[in-house]
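Novice:
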Amino acid sequence: MTENSVKDSNKLTRDNRVSAVSPYDTYWNSFLPAFMDRMSLQMRKNMTAIVEPYGLSHAHAIYLIALNLQDGQTMVGLSRFLDLDTANTNRVIKTLREKGFVYDDRKSESNKKFRIFLTDSGKALADMVMTRITELNNSYFANIPREDILNMRNTLIQVLNNMNLDIDEYMHSKYEDPFYTHLHLMPQVDGYESLSTRAPSRIVRDRE
Numbered sequence: 035m036t037e038n039s040v041k042d043s044n045k046l047t048r049d050n051r052v053s054a055v056s057p058y059d060t061y062w063n064s065f066l067p068a069f070m071d072r073m074s075l076q077m078r079k080n081m082t083a084i085v086e087p088y089g090l091s092h093a094h095a096i097y098l099i100a101l102n103l104q105d106g107q108t109m110v111g112l113s114r115f116l117d118l119d120t121a122n123t124n125r126v127i128k129t130l131r132e133k134g135f136v137y138d139d140r141k142s143e144s145n146k147k148f149r150i151f152l153t154d155s156g157k158a159l160a161d162m163v164m165t166r167i168t169e170l171n172n173s174y175f176a177n178i179p180r181e182d183i184l185n186m187r188n189t190l191i192q193v194l195n196n197m198n199l200d201i202d203e204y205m206h207s208k209y210e211d212p213f214y215t216h217l218h219l220m221p222q223v224d225g226y227e228s229l230s231t232r233a234p235s236r237i238v239r240d241r242e
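Here the working numbering is used: the first residue of the sequence shown is 35, the next is one more, and so on.
In C-alpha cells, the structure reads:
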C-alpha cells in the first residue's frame, strides 16, 4: 500500500468515526449550550443568595473576589482581569464604593488614573463570599475523585482554547494576571501532569 493510500485510509476511518454519531451524542451536542447555561444560572443564583443581604448580586460578588485575589487594580486592569466590559466595571465599583466595600487612591475627583482597594468591611465580605463559594463547589463535586476534578478543569480550559481564537493574545496582554492565567495553574497529582501555559507575572516575580 502506498503512502497516499495509507493517508486516504486513515482519513476515511476518521470521517467514519465522526459520522457515526449516536442518538445520545446528538442530544448531548444539541443541548450542551442549554446544559451549560443551566449550570451557570444556578451558580449565579447561589452566589447572589450569599450577598443579597448586603444589597448586592453575583455581579458584585465576582468583583469582590477579584479584588480579594489581587487588590489595588485599576479599572481597566480589573475589567481585563475579569474579561468584562469597563462600563460594567464602572457601574459595579460605583455601587461597591457607595456601600463602603471599596475605595480608591486618587487624590482628587479629577484624577483619571487610580487603583481600587477593598475596605476592611469589603475584605471581610469577600473572604466570606469565597468561603461560602468553596463550600458550594465542594458540594457540587462531592464523591468525585480529585484527579477527575483536575482532569475536568484542564479539559474545560482546552475547550475554551478551542472556542476562543483570541485566548492566547488575551493571556499575554499587557495587563497583569488575567484570571484565565490563574486557571491554567493546575496542581499536580501522582501520574498526572497539569496544564500550564504561563505563570502569572506576580508569581514569576516572587520566584525571582
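Even for Gly, the Cβ is constructed at its ideal location relative to N, Cα and C.
If you run the structure through DSSP and keep just helix, strand and coil, what is MET220?
Specialist: On the sequence shown, position 186 is the one that residue 220 refers to. The pLDDT assigned to MET220 is 42, lower than 50, so where the model puts this residue is not dependable; a value taken from the coordinates is nonetheless given after this. It is coil, neither helix nor strand.
Novice: Which residues bound the beta strand (DSSP E) around ARG180?
Specialist: Residue mapping note: residue 180 aligns to position 146 of the sequence shown, counting from 1. Where ARG180 is concerned, there is no enclosing beta strand (DSSP E), although the alpha helix (DSSP H) it sits in stretches over 180 to 197.
Novice: Buried or exposed, going by whether 16 or more other CB atoms sit within 10 Å of the CB of GLN76?
Specialist: Locating residue 76 in the sequence shown gives position 42, counting from the first residue. When all chains shown are included, GLN76 counts as exposed.
Novice: For LEU90, name the three-state secondary structure that DSSP assigns.
Specialist: By 1-based counting over the sequence shown, the position of residue 90 is 56. It is coil, neither helix nor strand.
Novice: So if DSSP puts THR153 in a beta bridge, which residue, or which two residues, is it bridged to?
Specialist: Position 119 of the sequence shown holds residue 153. THR153 pairs with nothing; no bridge assigned.
Novice: For GLN107, does the three-state DSSP call read helix, strand or coil?
Specialist: Walking along the sequence shown from the start, residue 107 turns up at place 73. In the structure shown, GLN107 sits in a strand (DSSP, three-state: E or B).
Novice: Give the secondary structure of ASP138 by DSSP, where H, G and I count as helix, E and B as strand, and everything else as coil.
Specialist: Residue numbering aside, residue 138 sits at position 104 when the sequence shown is read from its first letter. Residue state, collapsed to three classes: strand.
Novice: Tell me whether the beta-carbon of GLY106 lies closer than 8 Å to the beta-carbon of PHE151.
Specialist: Stepping through the sequence shown from its first residue, residue 106 is reached at position 72. Stepping through the sequence shown from its first residue, residue 151 is reached at position 117. A contact, by the Cβ cut-off of 8 Å.
Novice: Taking the C-alpha atoms as reference points, what is the distance between LEU116 and TYR97?
Specialist: Along the sequence shown, one-based indexing puts residue 116 at 82. Along the sequence shown, one-based indexing puts residue 97 at 63. Their Cα atoms are separated by approximately 8 Å.
Novice: Suppose you measure from the CA of ARG72 to the CA of LYS141; what does that come to, to the nearest Å?
Specialist: In the sequence shown, the residue the question calls residue 72 occupies position 38. In the sequence shown, the residue the question calls residue 141 occupies position 107. Whole-angstrom Cα-Cα distance: 44 Å.
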